[in-house]
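Visitor:
Residue numbers (my numbering), protein chains in the order written: chain Y, 1 to 330; chain E, 1001 to 1330; chain X, 2001 to 2330; chain B, 3001 to 3330; chain P, 4001 to 4330; chain C, 5001 to 5330.
#1: Which chain B residues sit within Cβ distance under 7 Å of residue 2012 (chain X)?
#2: List in chain order: all unbroken beta strand (DSSP E) runs of 3+ residues lying wholly within the stretch 5105 to 5170 of chain C.
#3: Which residues of chain E have a Cβ atom closer than 7 Å to the Cβ of residue 95 (chain Y), listed in chain order?
#4: Looking at residue 93 (chain Y) and residue 1152 (chain E), is the spacing between their C-beta atoms short of 8 Å?
#5: Can you confirm whether the stretch 1296 to 1316 of chain E touches the stretch 1011 to 1023 of chain E when touching is taken to mean that 3 or more C-beta pairs between the two stretches lie within less than 8 Å?
#6: For residue 1166 (chain E), count neighbouring C-beta atoms within 10 Å of its own C-beta (all shown protein chains included) and say buried if the count is 16 or more, exposed if not.
#7: Do we get a CB-CB distance below 8 Å when we pair residue 1044 (chain E) with the residues of chain Y?
#8: My output table needs one value for residue 4092 (chain P): the three-state DSSP class, helix, strand or coil.
#9: Cutting at 7 Å between CB atoms, please list the residues of its own chain near residue 1115 (chain E), excluding the five before and the five after it.
#10: At what residues does the alpha helix (DSSP H) containing residue 5192 (chain C) begin and finish?
#11: Thinking just about the alpha-carbon of each residue, which of Y:261, Y:188 and Y:195 is nearest to the one in residue 326 (chain Y)?
#12: At which residues does the beta strand (DSSP E) containing residue 5262 (chain C) begin and terminate?
#13: Residue 3215 (chain B) by DSSP, collapsed to three states: which one?
#14: Assuming residue 2142 (chain X) and residue 2158 (chain X) are in contact, meaning their beta carbons sit under 8 Å apart, how far apart are those beta carbons, in whole angstroms?
#15: Among the residues of its own chain, which have a CB less than 7 Å from the CB of residue 139 (chain Y), if the five just before and after it don't count?
#16: Spatial neighbours of residue 5314 (chain C) within its chain, please: C-beta separation below 7 Å, excluding the five flanking residues on both sides.
#17: From what residue to what residue does the beta strand (DSSP E) around residue 1249 (chain E) run?
#18: Does the beta-carbon distance from residue 4098 (chain P) to residue 5134 (chain C) come in below 8 Å?
#19: Pick helix, strand or coil for residue 3235 (chain B), following the three-state DSSP scheme.
#20: DSSP three-state call for residue 203 (chain Y): helix, strand or coil?
#21: Could you have a look at residue 2019 (chain X) and say whether DSSP puts it in helix, strand or coil?
#22: Measuring straight from C-alpha to C-alpha, what distance separates residue 2030 (chain X) and residue 2003 (chain X)?
#23: Determine the DSSP secondary structure at residue 270 (chain Y), reduced to helix, strand or coil.
#24: Quick one: Cα of residue 2203 (chain X) to Cα of residue 5328 (chain C), how far?
#25: With 7 Å as the C-beta to C-beta threshold (strictly closer), list the residues of the stretch 5291 to 5302 of chain C near chain Y in chain order.
#26: Taking contact to mean 3 or more Cβ pairs, one atom from each stretch, closer than 8 Å, check whether the stretch 5183 to 5193 of chain C and the stretch 5210 to 5225 of chain C are in contact.
#27: Thinking just about the alpha-carbon of each residue, which of B:3131, B:3089 and B:3217 is nearest to the one in residue 3077 (chain B)?
#28: Expressed to the nearest angstrom, what Euclidean distance is found between the alpha-carbon atoms of residue 253 (chain Y) and residue 294 (chain Y)?
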């Protein structure tokens, strides 16, 4: 997707320029993995025009394999972003209908070829939300991956501006049978699958560990996941969040350390978590280490502009080692 | 439309920011007329989102009546612009399919109300090119205007990326019966109506006056226009053009003075010509004076960034009075 | 006024560009009301030059009626702004002497015409501070408004760089007899009218409700106001403020909820409060609801660059409904 | 003066930022001389505020002695600049009334001290145009300089937005008796002293050498100048000028080579010529060499943004040596 | 190399920002070839730091194979660029001493591996100018390429700020025995090999075809080149050049069409010519077609900011087909 | 040094522009002292090129005497800066090897002339870290200053990327015998001289006063300093620090008030502290007042972009007087 963001904290009617970057769930994950040193390929469909070309060049430059991307269709999805501050929320204006990926012919993706040599397949709940065709493509991919023995992960990523809870629940349920690792944030489990625990005042922070364990248990029970990861965000304001996570596997919940974050850009925070988790699990880290890695990686993402997590492995490791002091490195 | 242009002469893969302005045929004409002191209303359909709101605020600020604009639909049309230089042409990447105006329900425009008190109706060939619905809306407007006794003008504005010559010819022919003043650039008459004169090497400049008279005559003959205006552009390069025009009325052709232009931004040049012509004819200027005014106004447009002609009436008049020296006014 | 601000936190000797926006007490109020959907006209005097024209276009674009503005005079007032951060205060360098409004001929404003159809007249203490002529214009307006039965509100807005407490007290006292609703921040009542309560350590926060009630009571007593509104700012630093308000009417004080604000731009905060209050009272909200609305609206202003409060009604309402979490809307 | 220019070719209503630089006749001359390696002091009056401080720091950084500048007054003069292109002229909006220098008390300048050790005094016709007080200061300076044996030069620099030809003629005539070297552009001699030769179509280029000799002769005759320098500008458009000059001394006219200039910024062109002439005459160059140097220096100024001529001596010398090819130096 | 350029036409002491791009002879050629659709690898040595990483990502994004690049050393070479205009030349301030490539250990480059599967090896005269080690690396590469049967091309690219004519002549002569295609601009042959023809006034344009044939002949004679390409630049000013070329092969000289160019950025012009020539010869185009292609490609480069030629193959082909009119493509 | 910083919080691979300012230990101190009204000269060695010229102009403009600076050498040192935020640390990429100052011939500095009329000599531990020659120059300067009776201060400023603790300890120990006032931050005493007190968890804040007194005592004992100043930074994150200081003299420790800082730019924080201390001690302030002044001055520096502390004396004094509320001054 093309991301067109106003500079600083400007509103759309204040600025004569928009910052042009690229992003989107799966792309964000692929970029982060590539920067951590993993081989990562991004699979989507992009039109043949100069905007899409710029997108491809950017992602390829960051080390992602773009050779599997289909070309065709009319347009690349766009979203306009106003970054909020303090009590004012960031706003996203979607303009992604009729994008090339939404109008994909699912059969054009030859998954057996695409997945050759891979050991992990990740997708998000945004793609199936775009269109029935995109949902089919996701399903084909997940099914093929599962069959080939890859680990399959899915970030539920519910977007109320894209589809209803009902539709989401139906489509995503069908996908879950191929999924090993399920990733969700606070609202996803409830909005997509109607799974929730007690209190619901997540808006004002104060998280209850037991409730999240309960949600993870219920998800695991229903879909037989090997692992469930939940990001716990305490939204004090658009400028200040608490950030931690839970990884639930083998009947055991592992909560990470919590970071107090001054936010530069929180879009893509969940994707950077997914990438961190995939990296850590791929490196065979223990559950507690994996959730710590994923949360540390995504903590750093919040200090970086744009959808992509440009944090380096060495930076994540320094933070894990306890240095969140932000001292100048010189 | 939302215009997203790269800064300076940058290409789309060189810039992290896009310049965000608004434009589009009829809007450009309305803005120029408003700045010349005329009452001008812009009629279109825009979605209910922050991007469209910014557009409305801009146009309203420049003095255009925006109260007739319908709200609804999914998106505002977008075009990406790379400004060329020297031998490198500017490129336009359209992303306007499924725009609010393309998906208009023509019947929602109550033309009798909209046109009340007006004395001129202008449209371009771009709107009917967007969709059948938009073509119907154009037709309804032109027909209603004609019936109410307004002068109706149309700028053919053929865009090969939007429709074929065949479709254009068919649709535009149906519209022409309601048109009094036809405006065209060099290729329009041929591409839309198959009307041309002798030589066709317009690419390298050297214009032949007789040929243009012939084209105007043929147009007049076929559609019974009260006047035909043709802009004559000599494209030496993306940086340097010759610019003049012909106004043909009453069996008589009137050629304007020719300006040698160092180009800042030529997009919207034709629209500024249309606005200049409408202004001049509305002011009851003689044909020669009208074409001189229209060409001088649009000459100045080429020195202004963005689609809109922000030249002031006093500046057009100074140029008409012979001062194209560009001396500092102090 | 023309506002020329350094970008980010730069000082005037660090930057080769200044951000050019427009603002000023009454204009800020008018813009906010227009964006909330009210009909609002701004009355002032502006010179006939391109800078003033840009100002007019901006305000008109945002929906304010600019047709009552007188044209004439030499210059538009200017202020240079350096935005502070942490312990460094923002600084304002005024260059507003001899502005068109300061050199107005009060008699040129035909208030009976201007106020026709209006139901509210608002002015600030800045205008009378500019010159005797401007004070006369304010007085004429307030008197005419009162006579015509409009509600009249005044934001005391004392500026020590513009006039002395003595002069302010004398002039403002004369104006108060036509005022229904008086708006003040912490220092205004004391600096203009010598009205204060106990402690004075407002610099370091910790507000005492009783003291503010006392001030409101004394103001009400002296000038027979129908209502007194006081903004309560706890200035922890240039980056971080507490923000709440008191509305006192009918012998009763109503304190709003307090917001903890990460500041983007606090200039215009008071004006956005005035606009919020006028909107809420105009909508016949109860006193408690009115002060909550005004404080919520102005809380959001602190997250917006420039003098104008570009917050939307829906955003104010969401904050009032309890969502200050700054979560991304998507 | 503070110069606030729109970026690129934008109009004042298109840009949210203004480029902030400093300039003004005598300052421009002083800066150019300092960069050529001469000791140069700038004498004016500036207010005590942060804008003036930024101005002082800039000029001092470029090597000009700022220790003679008086501090006081209300404001620094401002001008807003829109750079023109092609047929659209640059426009200057002055906001310099009531500036510190205009409201100077002429007696505050202790010229005998200020001029100690100096051998040249230069002023322009802009300063006396600002106010009677500024005219008096100019007169005092010129008289003191003459008495102390300095060479005195004056650039007539007529500005119709500042005063009338009548006033200018009267005041400037009084000043001329102390002047040795008179500098003028095409219109100055006529507008200030009513001195002209035959044809007057300077607007469209085509200069007649004999006419300029005649003007120089008449000036010399009336005021007994030791030398008269005239810049000859052929204004083809705002983007393209011819540029040459005449130096008339000892009854002999010396015309420079003519340069064909693609203009980046022509404001300050005349001042850079004055500086070049003063430098060359100060270096005891022959008349022909002096006019060639002055024209080459000011030719380069047209390729530099801002009022100041930041061309280096080595660059002027390379151009004089015949290299105007613009080849990359590497 | 890291290229740090002032924006627009600003001088280094005018700007608080520098435009950061990457470039350098061989990199520029590789990028252009990759964008034309060829497989191209860039071989150099870059340090392990974030600046070099950004460079790698940029080049990789544009499609160049960066896997052969050695990592190590202290720094990446830097050059500061001021773009000239009109009579003012662009200036380059080199800061490339001690760069990673200059301090390479030539033996670290395993050319037999690097060149596997390649059919062309290109280098420029800049690399050997950096240090003896870099010269050795160039020699090793050229020798290995020749032995493996690749076509070897060299762009002489003499830089007087890097080495003397004497040193250049000696080193480059040794390299030439492995070169098939020699590329030079006007001065290279003379400055490096002392080869020249009659007149030498290339500074002011007016090129003499016979002289260039003579130079090509002499080069061919001395070094037994299969082909010699010479770019013919007529430097009217920094803003305006004539541009054409000669390709001499088989005893026959082929001159291209000449383009009249309004310059956006001429740095990298020669490299884009080399890339165009390599592409065309690689595509087995006839000599006349090859020189036309190379000149058209590099003509377009002059309209593009930065060292890289981002022109697309379709744009070069359109220009070759005769369309240099710069008409908007829409 | 040339400082090339990414804008905002961008990483080096995200930005096409770098912010170009100048800085470096001793320069930062000189600028701050000059802005406080002291006469300050900066002594270093800079190459003869346009980058160094821009540096000189900037520093001279801010009031520093640059006449003692040697010219020569190849290059100016460079550092690239990415500003961190929240848990992400700022990163500095040095490119300062082979700089003009590192390759100085120490004997070229004629200290007896340079120091004439001065009463204070300050240097930092960065200069001796650059090269043996620079260490020699520092030693010569300190020795000459001591002999001439100046007060000599040194900021240890250990940089692990420049030299090892061993080398630093050896070189700095030799310098200390000429030093009166020693300035250090938390790590310097330990890394350079192996002097430390109990706990070492400075990374997470929580400072222990007794430990710092102990360090100061040990330093004083070993080197017979007249005073030791230590800055105490509590690094909560890259965005939020606690900041206070200790001045130890006459066997007595004086701790300043602690400021809670929202960081704009912390580079140069230590230098602004040194300048504040030198200013205060030079003004004969008592130890407690001196440390309060130095900490207040450097507290304000953290709110200012760039290496230089552009805070005004009046601002420091207002903060000392208790106003850290950041209220707008108007």
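Using N, Cα and C, we set each Cβ at its ideal position, and we do this for glycine too. Since the model is a prediction, treat every value here as computed from it, not as a measurement.
Guide: Taking the coordinates as given:
#1: 3050, 3051 and 3054
#2: Within the stretch 5105 to 5170 of chain C, the complete beta strand (DSSP E) runs of at least 3 residues are 5120 to 5124 and 5151 to 5155.
#3: 1075
#4: no
#5: Short answer: they touch.
#6: So residue 1166 (chain E) ends up on the exposed side.
#7: no
#8: Residue 4092 (chain P) falls in the strand class under three-state DSSP.
#9: 1121, 1144, 1145, 1148 and 1150
#10: 5188 to 5193
#11: Y:261
#12: 5259 to 5262
#13: helix
#14: Not quite, the Cβ-Cβ distance comes to about 17 Å (not below 8 Å), so this is no contact.
#15: 174 and 175
#16: Counting only residues of its own chain and dropping the five nearest sequence neighbours on each side, residue 5314 (chain C) has no CB closer than 7 Å to any other CB.
#17: 1240 to 1249
#18: Taking C-beta atoms as the reference points, residue 4098 (chain P) and residue 5134 (chain C) fail to come closer than 8 Å.
#19: strand
#20: Because residue 203 (chain Y) sits at a pLDDT of 49, beneath the cut-off of 50, its placement in the model cannot be relied upon, and the point is left open.
#21: strand
#22: 17 Å
#23: Correct three-state label for residue 270 (chain Y): helix.
#24: Confidence at residue 2203 (chain X) is low in this model, with a pLDDT of 48, below 50, so its placement is unreliable and the value that follows should be read with caution. Approximately 12 Å between the Cα atoms of the pair.
#25: none
#26: By the criterion of at least three beta-carbon pairs nearer than 8 Å, the stretch 5183 to 5193 of chain C is in contact with the stretch 5210 to 5225 of chain C.
#27: B:3131
#28: Cα to Cα, the separation comes out at about 15 Å.
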